[in-house]
Each structure stands twice: as structure tokens, then as C-alpha cells.
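Below is one structure, written out as C-alpha cells; the observations come after it.
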Amino acid sequence: GENVEQHPSTLSVQEGDSAVIKCTYSDSASNYFPWYKQELGKRPQLIIDIRSNVGEKKDQRIAVTLNKTAKHFSLHITETQPEDSAVYFCAASSDLTGANSKLTFGKGITLSVRP
Amino acid sequence: DTAVSQTPKYLVTQMGNDKSIKCEQNLGHDTMYWYKQDSKKFLKIMFSYNNKELIINETVPNRFSPKSPDKAHLNLHINSLELGDSAVYFCASSQDLGRLGGYTFGSGTRLTVV
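These protein sequence lines map, in sequence, to chains A and B.
Each residue of the first sequence is one higher than the last, beginning at 1 in my numbering.
Each residue of the second sequence is one higher than the last, beginning at 1 in my numbering.
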């Protein structure tokens, strides 16, 4: 089955700096890669996603890049703000519409933005 | 309107007891899931249901029994609770994963077994 690795496990940046979180996946059939943000005591929420036919996607201060050959994808946050502090999860899926569809999550990274 | 709602939000119980967690979604999604989030924040899939049919059962002890009376509801019953069952349990739903936007999670149920 799919195995998603996420690193580093913690990241601390100064407010205004950029943060990059990297993930690798094992199943070359995976074709959908979402990122979730989980604030303390709250539910994970989708912040951006990318499909395998696209190399990069951007939404305001966040962007995701995908390298299918190397089987890794990254989340980029620019101009970080204290409210970006949270746990970020990457995930991957190879079966998007079938009954077996599911996401396999990385272990999460705790991002701390220092004011 | 809450899209995916779980009850209860907190559950404290003694070892050996039996408890249930309920989940309902009003999004019209076909697929629902149970995930367990341990103290290290790892999100691990337990079950998935598609149109009331069990699809995924990921090496979960048979003390855990999911039930889906209809595609909008997925409940989780746990027998003979153990200390290691303490975790946050998230329900989620999806439709055409990837085309219509990933999972929608419930707010979670924090289960503490004492």
C-alpha cells in the first residue's frame, strides 16, 4: 500500500519568512495530493491540493509543487504569519472515484511562526 | 449547517466499557470514513464505507464495529474499551475524491479511557 513520509517533523520560522514542507510517497499510481491544516483542538481542513497532471498550483500565499519522477511534493508558504502556526498534513491517493478511494496521510509537521 | 457532525465531542469512560460515536453528513457524499488520531497526531484510517457497504477495514481489532444505516450516517461502536483506545476519532466524508475537494472532516471525538 501507499506510504507517505513527511519531513521535518517540526519547523520554526520567523514571521514574514517562507516555510517549505516536503513529503514523499511510495505508490507511483498515486495521482492526488492534498494538504491539510489542523489548528490546535480542531479538525483538519483542506488548504490546497494538486493532481498528478499538474506540476504546480498556487493560492495566494500557499503553493504546492509536485515531482512525479522523484515521487515527492512540497507545500510552500510565503510571508508567514502567526496564524499559520498549526500541524500540516500531506496525503496521497491513487483511487479517486472508486469505492476504494482513501487518503493516506503523512505523520504531520508542526509549524511554529515566531512573531 | 455543519457538514459533518460527530457526537459526542468528548467521551471519558472506564476500561471494559462499551461506547458508541455517531457521525452524520449532510453533503450527499457516497463515502464515509473513520480515522484515529493518536497522541503523536498521526491520522490512521480505520474504516471506509461506500453507500452503506464496508470497503476498507484496516487491521482494526474486532472490538471496533462500524455501522452505516444509510449513506449519510456512519457510527462506531467500541466494545471492552482499553487504555490504548484513548485518541481522537475523526469521521470524514468524500465524493469523487480529488475532483470535488478531498475529505470533509467532522470535529472529532476525544475518547479518554481511564
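Ideal Cβ positions, reconstructed from N, Cα and C, are used throughout, including at glycine.
From a predicted model like this one, the values you see are computed outputs, not experimental measurements.
How would you call residue i, buried or exposed, if buried means at least 16 neighbouring beta carbons within 10 angstroms?
| i | result |
| --- | --- |
| B/Glu-24 | buried |
| B/Gln-14 | exposed |
| A/Pro-115 | exposed |
| B/Leu-43 | buried |
| A/His-7 | exposed |
| B/Tyr-103 | buried |
| B/Tyr-10 | exposed |
| A/Ser-9 | exposed |
| B/Gln-37 | buried |
Check whether the Cβ atoms of residue i and residue j sit closer than 7 angstroms, and answer yes or no.
| i | j | result |
| --- | --- | --- |
| B/Ile-21 | A/Lys-102 | no |
| B/Phe-33 | B/Ala-72 | In the sequence under discussion, the amino acid at residue 33 of chain B is Tyr, which differs from the Phe named in the question. Not a contact, by the Cβ cut-off of 7 angstroms. |
| A/Thr-24 | A/Lys-71 | yes |
| A/Glu-39 | A/Arg-61 | no |
| A/Lys-37 | A/Gln-45 | yes |
My guess is that residue i and residue j are in contact by the Cβ rule of under 8 angstroms, so how many angstroms apart are they, rounded?
| i | j | result |
| --- | --- | --- |
| B/Val-60 | B/Glu-82 | Contact doesn't hold; Cβ gap of about 13 angstroms is too wide. |
| A/Ile-109 | A/Ile-21 | 5 angstroms |
| B/Val-88 | B/Arg-110 | 5 angstroms |
Could you please give the first and the last residue of the uninterrupted beta strand (DSSP E) stretch that includes residue i?
| i | result |
| --- | --- |
| A/Val-20 | 19-25 |
| B/Cys-24 | Here the sequence assigns Glu to residue 24 of chain B, which means Cys is not the residue at that position. It spans 19-25 - the beta strand (DSSP E) in which B/Glu-24 sits, taken as one unbroken run. |
| B/Ser-68 | 64-70 |
Does the beta carbon of residue i sit closer than 7 angstroms to a beta carbon anywhere in chain E?
| i | result |
| --- | --- |
| B/Leu-76 | Protein chains A and B are contained in the structure displayed, whereas chain E is not. |
Tell me the start and end of each unbroken beta strand (DSSP E) in the stretch 30-82 of chain A that is at least 3 residues and wholly inside, in chain order.
-> The stretch 30-82 of chain A contains these whole beta strand (DSSP E) runs: 32-38, 45-51, 56-59, 62-67 and 72-77.
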